[in-house]
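Report on the structure given below.
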Amino acid sequence: MAQKATVHKTDLHISDLDRNYYAEHKLTLACQPSETDERMMVRLLAFALNADPSLELARGLTEADEPDLWLRDLEGRIRLWIEVGLPDERALRKAASRSDAVLLYLYHGRQARLWWEQNRQALSSLRNLRVVEIDPASVKALAALAERTMDLQCTIQEGQAWIAGAANNVEIVATELARPVLD
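See below:
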């Protein structure tokens, strides 16, 4: 019998001073058996950093044609496609052709750097791709906040982000590796 996903309920309070976005999101995260707490919490971080009333958690791990998160307009057009981890380069190309913008969050430390070095040249032609690497220490601290029920506060100011839970406050250290080319 196949293992079922572990459900995590999250109250995420976001204060994004850079975008003047202040909201509370009640999220249900399904952590698949093959997914680590690190990956799940980076998905949650990606939601917080790109929060919008229309941003949705998608079925990226269980559905090959969907990202981890996406922002679609009322007509169904994909405005933002968000991936977490080390996706196949062909999948990113497909995502770039289907959406206005693609955002990739790398979080595997040395493995992520190697992946980026191997794929940077091939991905350089994607004019709508942004790649951000999350520092492994930040990811580890985020994973320590993972619980079945979470009440988290995320503050974003001047490009810096902090996530606070009941027991800890995590500063997110992120490095932008690739930026979309503006026409």
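Residues in the sequence shown are numbered consecutively from 46, following the numbering used here.
Using N, Cα and C, we set each Cβ at its ideal position, and we do this for glycine too.
- Here DSSP, grouped into helix, strand and coil, assigns K185 to helix.
- Rounded to the nearest angstrom, the Cβ distance from R172 to V215 is 33 Å, too far for a contact under 8 Å.
- In the DSSP assignment, N65 falls outside any beta strand (DSSP E), carrying neither H nor E.
- If the five residues before and after P181 are omitted, its C-beta is found closer than 6 Å to the C-beta atoms of G154, all from its own chain and listed in chain order.
- Just measuring C-alpha positions, the residue of N213, I123, I217 and Q198 sitting nearest E69 is Q198.
- Residues A186, A189 and L190 of the same chain have their beta carbon placed closer than 8 Å to that of N213, with the five preceding and five following residues left out of the count.
- The three-state reading of DSSP puts Q156 in helix, counting H, G and I together.
- In the same chain as D61, and ignoring 5 residues on each side of it, the C-beta atoms closer than 6 Å to its own belong to I201, in chain order.
- Only residues of its own chain outside the window of five on either side were considered, and among them A103, G105, W126, I127, E128 and A140 have a CB closer than 7 Å to the CB of P112, listed in chain order.
- Within the segment 125-152, complete beta strand (DSSP E) segments of at least 3 residues are found at 144-151, given in chain order.
- Within the DSSP bridge table, the entry for K54 names T73 and T194 as partners.
- In the structure shown, the three-state DSSP call for E178 is strand.
- In this structure, A209 lies away from I217, with their beta-carbon atoms at least 7 Å apart.
- Shown here, R165 sits in a helix according to DSSP, grouped into three states.
- The three-state reading of DSSP puts R84 in helix, counting H, G and I together.
- Per DSSP, reduced to three states, the secondary structure at A93 is helical.
- In the three-state DSSP reduction, V218 falls in the coil class, being neither helix nor strand.
- Looking at the DSSP output, R172 bridges to nothing.
- Taken atom to atom, the span from the alpha-carbon of L148 to that of A223 is near 10 Å.
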